[in-house]
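> In this note's numbering, the protein residues as written are 2 to 279.
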């Protein structure tokens with residue numbers, strides 16, 4: 002059965018890959034799609050055929066891991082050139098305000114948390130009482146790859162978050178801060194993935210009504226990263242705040258932060274400098 006194979010594949014990845022639970026979950030889903038199309042015993046020709054029709058990096062990585070799981074060589078897996086995808090438009094400040102202000106208190110605080118810390122949605126949903134330090138005004142959350150990042154909280158948001166944590170009677174060090182009680186039809190012990198999907202549905206429902214388009218949980222993260230880059234022009238700082246291992250990933254995030262005004266200013270700077278040369 003495909004389910005049994007996926008289960009064994011997940012066990013293999015957990016023991017050998019060093020990938021995060023979220024990444025392993027995605028590989029599991031992609032393997033299911035590959036098997037549905039090619040079969041469990043698909044040879045390299047069939048797998049490459051699938052990859053040719055679906056030229057995405059995650060499918061190639063899944064196939065490589067699947068072949069390793071089967072104890073087969075991976076050197077014949079074809080290289081791919083992913084199709085160029087136009088980056089999503091960055092949310093405007095007005096759009097962010099409309100969406101955030103339409104949310105209930107807890108969901109609103111969750112959105113503000115992602116905007117202030119630029120964390121991923123699943124990182125926020127894993128936060129526990131012990132991760133917030135009221136005296137230091139800091140929060141520690143687990144990032145991709147099992148690393149931990151301490152982030153300072155400041156201003157009104159810090160007070161709002163600390164007040165919320167204190168108000169939640171009965172919160173113990175190992176209790177989840179957000180969506181700790183029965184919410185939207187699922188219990189507190191629901192998987193983080195389930196909670197991410199449910200929060201994404203809430204955002205989409207509100208954004209579709211208010212701004213006429215769907216948004217993802219990453220859109221708040223992208224908005225803040227572009228805002229910081231526009232104000233600092235410090236790509237390394239943005240990379241560190243986002244927790245990216247590669248600066249190329251950060252460049253893709255802020256690709257739309259360079260507008261016509263920036264190009265015009267750069268041209269003026271060059272002209273002024275060159276104009277001083279004799």
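Just so it is clear, CB atoms sit at the ideal spot from N, CA and C, and this is done for glycine as well. These numbers were taken from a predicted model, which means no experiment stands behind them.
What residues in its chain sit with their C-beta under 7 Å from that of residue 113, if we drop five residues either side in the sequence?
For the purposes of this step, residue 113 is taken as the residue at position 112 of the chain shown. Excluding positions up to five away in sequence, the list reads 101, 158.
> Report the three-state DSSP secondary structure of residue 218 (helix, strand or coil).
Mapped onto the chain shown, residue 218 falls at position 217. In the structure shown, residue 218 sits in coil (DSSP, three-state: anything other than H, G, I, E or B).
> Once you ignore the five residues that flank residue 4 on each side, which residues in its own chain have a CB closer than 8 Å to its CB?
On the chain shown, residue 4 is found 3 positions in, with the first residue counted as 1. For residue 4, where only same-chain residues beyond five positions count, there are no Cβ hits under 8 Å.
> Tell me whether residue 96 sits in a helix, a strand or coil according to DSSP, three-state version.
Position 95 of the chain shown, counted from the first residue, corresponds to residue 96. Residue 96 falls in the helix class under three-state DSSP.
> Along the chain, which unbroken stretches of the alpha helix (DSSP H) at least 4 residues long are found entirely within the segment 125-207?
Qualifying alpha helix (DSSP H) stretches, in chain order: 156-168.
> Does the Cβ of residue 131 have 16 or more other Cβ atoms within 10 Å, making it buried, or fewer, making it exposed?
As a first step, residue 131 must be located in the chain shown, where it is residue number 130. Under this definition residue 131 is an exposed residue.
> Under three-state DSSP, which class holds residue 279?
The sequence position of residue 279 within the chain shown is 278, counting from 1. With a pLDDT of 42 at residue 279, under the threshold of 50, the predicted position of this residue should be treated as unreliable, though the coordinate-derived value follows. Coil, per DSSP.
> How is residue 39 classed by DSSP in three states: helix, strand or coil?
Residue numbering aside, residue 39 sits at position 38 when the chain shown is read from its first letter. Residue 39: helix per DSSP, three-state reduction.
> Is the beta carbon of residue 155 within less than 7 Å of some heavy atom of the ligand MG?
Among the ligands in the structure shown, none appear at all, so the ligand MG cannot be discussed.
> Can you tell me whether residue 110 is buried or exposed, with buried defined as 16 or more other CB within 10 angstroms of its CB?
Working through the chain shown from its first residue, we reach residue 110 at position 109. That one is buried.
> Around the Cβ of residue 14, are there at least 16 other Cβ atoms within 10 angstroms (buried) or fewer (exposed)?
Residue 14 sits at position 13 when you count from the first residue of the chain shown. Its Cβ being crowded by 16 or more others within 10 Å, residue 14 is buried.
> Skipping 5 residues on each side, what residues in its chain have a beta carbon closer than 8 Å to that of residue 129?
As a working note, residue 129 is residue 128 in the chain shown. 174, 175, 176, 177, 178.
> Indicate whether residue 49 and residue 79 have their beta-carbon atoms separated by less than 8 Å.
The residue given as residue 49 occupies position 48 in the chain shown. The residue given as residue 79 occupies position 78 in the chain shown. Their beta carbons are under 8 Å apart, which means residue 49 touches residue 79 by this criterion.
> Check for me: the alpha helix (DSSP H) holding residue 46 runs from which residue to which?
Locating residue 46 in the chain shown gives position 45, counting from the first residue. 45-54 is the extent of the alpha helix (DSSP H) around residue 46.
> By DSSP, does residue 33 sit in helix, in strand, or in coil?
Along the chain shown, read from residue 1 onward, the residue named residue 33 stands at position 32. In this structure, residue 33 counts as helix in the three-state DSSP scheme.
> Would you check if there are 3 or more beta carbon pairs closer than 8 Å linking the segment 27-43 to the segment 138-151?
No: fewer than three Cβ pairs fall under 8 Å.
> With distances taken Cα to Cα, identify the nearest neighbour of residue 43 among 217, 116, 65.
Taking the chain shown and counting its residues from 1, the one referred to as residue 43 is at position 42. Answer by Cα proximity: 65.
> What residue range does the alpha helix (DSSP H) around residue 108 cover?
Residue numbering aside, residue 108 sits at position 107 when the chain shown is read from its first letter. Start and end: 106-118.
> Counting only the same chain and skipping the five closest in sequence on each side, list residues whose C-beta sits under 7 Å from that of residue 103.
Taking the chain shown and counting its residues from 1, one reaches residue 103 at position 102. Hits under 7 Å: 207, 211.
> Helix, strand or coil: how does DSSP classify residue 71 here?
Stepping through the chain shown from its first residue, residue 71 is reached at position 70. Coil, per DSSP.
> Below 8 Å on the Cβ atoms is my contact criterion, and I expect residue 209 with residue 202 to pass it. Report the Cβ-Cβ distance as a whole number of Å.
Here residue 209 is taken as the residue at index 208 of the chain shown, counted from 1. Here residue 202 is taken as the residue at index 201 of the chain shown, counted from 1. Contact flag wrong, Cβ pair sits at about 11 Å.
> Please state whether DSSP places residue 78 in a helix, a strand or coil.
Numbered from its first residue, the chain shown carries residue 78 at position 77. Residue 78: coil per DSSP, three-state reduction.
> Throw me the rounded Cβ distance for the residue 67 and residue 32 pair, which I believe falls under 8 Å.
Translated into the one-based positions of the chain shown, residue 67 becomes position 66. Translated into the one-based positions of the chain shown, residue 32 becomes position 31. Right, the Cβ-Cβ distance comes to about 6 Å (below 8 Å), so this counts as a contact.
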